[in-house]
Structures are given as structure tokens and as C-alpha cells.
Amino acid sequence: MNLYGAVDLSALASPRPPATGAGSPGGVPAQPGAGVPGEIVVRVTEATFGETVQRSTQVPVLVDLFSARSGASGQLSPVLENLAREYGGRFQLAQVDVDANPQIAAAFQVQSVPTVVAVIGGQPIPLFQGAYPEEQIRQVLDEVLRIAAQNGVTGVMVPTGEPQDEEPAEPPLPPLHAEALEAIERGDLDAAEDAYTRALKENPGDGEARAALLQVQLIRRVDSDDPEEVLAAAAGAAPGDVTAQLAAADVEAATGRFADAFARLVAVVRATAGDDREQARLRLLELFEIAGPTHPDVAPARRALASALY
1 MNLYGAVDLS
11 ALASPRPPAT
21 GAGSPGGVPA
31 QPGAGVPGEI
41 VVRVTEATFG
51 ETVQRSTQVP
61 VLVDLFSARS
71 GASGQLSPVL
81 ENLAREYGGR
91 FQLAQVDVDA
101 NPQIAAAFQV
111 QSVPTVVAVI
121 GGQPIPLFQG
131 AYPEEQIRQV
141 LDEVLRIAAQ
151 NGVTGVMVPT
161 GEPQDEEPAE
171 PPLPPLHAEA
181 LEAIERGDLD
191 AAEDAYTRAL
201 KENPGDGEAR
211 AALLQVQLIR
221 RVDSDDPEEV
231 LAAAAGAAPG
241 DVTAQLAAAD
251 VEAATGRFAD
261 AFARLVAVVR
271 ATAGDDREQA
281 RLRLLELFEI
291 AGPTHPDVAP
301 ARRALASALY
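Just so you know, we're using the UniProt record's numbering here: the sequence shown kicks off at 1 and counts up by one.
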């Protein structure tokens, strides 16, 4: 998925930013959110699309841009509907007939149908075109939900008329974790890093503090860089150019493209030796921790790293 070059939806709606405290900025995953009243699958028009963009600040929205004239649309739309219900409202499926709503199609720069785009916090993420296999769509959905959680968009659609379960009380955060999250909220990454570091000194086995510390350090590394320039520089550099390739891997990881970051660093390991190889290996292990052990790209990348090393 590519977060760069996303289309501008400002002509259709100006979404509100997420409410303060709705999530943890800077890539630190938020806790599951509350129920959001509304249907899991909705038909959207140019008149109602602004509401859909606003809703994307609470729950991820998957936009299915289809045409009744397209056979592939007829194959894909029912699959997306079934998946939306199977996922229990963790995203809303917004169906847009491009023939009846050309302004929406133009905003998304639709070149063929079906086209599927995610909208998270008002920001569009192009996903795929054509009738994708269901198993690949599931992988895409899981990645969309992970990125949404990192940006604090964790609501769940609750169809109108259905009772909403009372939210269970969340256990309080450990003091240093709370201190770190407050620092992130106000944009003080130095203070956040210090708090997580102290948490690890108190409890070296605190895996959540370790992963969060690595995330904060990743954010700091990419914060002042232009992502497109970093990726372009890496594309023109040799696989053994550790500085350029590590910077590009950071950009890819920070934007959720862990598979690309992992593959890039494995290539660096293969192309280098000594200290350069060790630097790439350690960065790759850090990104494994940030992605988490259940991320589908981690296990294959670990096997590729082992092959590159031995």
C-alpha cells in the first residue's frame, strides 16, 4: 500500500481531526475503540460522501468504486460485503457507483473499475484495482486495520437498532507508560523516549515498553525527512549502501510497508559484511519488534534473514 501521492479529497469534504485522546499519534497503536452507530455496508453518493470522510476519523472506511457495467465489479462487491460483515464492523464498506457519482471518481482518480481505496482519518490510501482473490483481500484488510489502529482510528460500526455492548473498563496504564503517552500527545518525543527507557530499566522484560520505545525512535529518525526523496535516493544507491537503504527501510516501516522494509534490509545483509551487515541485521530485528510477532510478513522475513546470514 502506498501512502504517498494519495488523492486530495478536500473538494468533497474537510474531515475533522480525531478527538483528543482518541488514539496515540506517531504510530503507537491505540486500544480498541467504542461502537460507532451506523450500517456496516452503505451506498454513498456525492451528497453523502462528506459524512463518510468524517466517519473515517472514527472507523476505517473501505471505498468500493464500482460500475454496473463492469463484470469484475459484480464479482468483487459481494466478496467485500461478506468480508465487511465477517469482520464485525471493524471497517465500514462504502459503495460508490462511479457512473452516478463522477465527482467522487474524479477525486480518487479512478482509471478502471472496480477500484478499492481505504480512507483513514480523512486520508485516502489506494489499495487495489480489479477483482482480487479473497485471501489477498483479507491480507490487505488486516494491514488497513493495523495502520488505522496506529493512527487512533479504532471504532467499530454498530448497526442502528442493535444494542451496543458496554465497554469493559480498561486497566490503568503503568505510570511510566502513561507518562510516555502523554509526552507523545504533546509531541515531546524526547520525553516519551526517556519514559519508555526508564520503564525498561525498571522491568527489562516489558515487551510493550520495548516495542513502543523502538516506535518512538523510528518516528524520530524519519520525522524530518522527505519520504519520496529518501526512497528515490535508495533506488539510485547500491544494495550495500547502508545509510541510504536503512533510511528507506525506516520510511517504509513508518508507513506500514513492512514487507518492503524487510526485503530491503535482507538484501543489505546479503550485500554487506562486518559492521555494515550487523547494522542492517540489528535494524531488521528492531522492525520485527515494531511490527509484532503476529504480523504476516515477520515469519517469512525471519526465514529470509536466516538464509542470508547462513
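Glycine residues also receive a C-beta, built at the ideal position from the N, C-alpha and C atoms. A quick note: this is a predicted structure, and the numbers were derived from the prediction, not measured.
Coarse secondary structure for residue i, derived from DSSP in three states
i    : result
V153 : coil
T294 : coil
Residue i, enclosing alpha helix (DSSP H) - first and last residue
i    : result
P300 : 298 to 309
P175 : 175 to 185
D250 : 242 to 254
T197 : 189 to 202
D225 : Counting along the chain, D225 falls outside any alpha helix (DSSP H), and DSSP gives it neither H nor E.
D260 : 258 to 271
Whole-angstrom C-beta distance between residue j and residue i, which should lie under 8 Å
i    : j    : result
A84  : G130 : In fact, because the Cβ distance is near 19 Å, the residues do not count as touching under 8 Å.
G122 : Q58  : With 8 Å as the limit, G122 and Q58 do not qualify as a contact, their Cβ atoms being about 11 Å apart.
L309 : L284 : So it is not a contact: roughly 10 Å between Cβ atoms.
V98  : F66  : 7 Å
R264 : A248 : 6 Å
V116 : L62  : 7 Å
E81  : T160 : 18 Å between Cβ atoms; not a contact.
D64  : Q95  : 5 Å
V79  : A118 : Contact flag wrong, Cβ pair sits at about 16 Å.
- Task: Evaluate the contact criterion for the stretch 172 to 192 versus the stretch 85 to 92: three or more CB pairs, one atom per stretch, below 8 Å.
- Result: Too few Cβ pairs lie closer than 8 Å, so no.
- Stretch pair the stretch 231 to 249 + the stretch 208 to 219: three plus CB contacts closer than 8 Å: No: the two stretches stay apart, fewer than three of their Cβ pairs being nearer than 8 Å.
- What beta strand (DSSP E) runs, 3 residues minimum, are completely inside the UniProt domain "Thioredoxin" (10 to 146)? Complete beta strand (DSSP E) runs here, min 3: 35 to 37, 41 to 43, 61 to 66, 92 to 97, 115 to 120, 123 to 129.
- Count the CB pairs spanning the stretch 241 to 260 and the stretch 286 to 300 that are closer than 8 Å, and state whether there are at least three. Put simply, the stretch 241 to 260 touches the stretch 286 to 300. At least three CB pairs are less than 8 Å apart.
- Item | Sufficient close CB pairs (3 or more, under 8 Å) joining the stretch 170 to 183 to the stretch 45 to 55 | The way I'd put it, the stretch 170 to 183 doesn't touch the stretch 45 to 55; fewer than three beta-carbon pairs between them come closer than 8 Å.
- Message: Three or more C-beta pairs under 8 Å: does that hold for the stretch 192 to 201 against the stretch 214 to 224?
- Response: Yes, the stretch 192 to 201 is in contact with the stretch 214 to 224.
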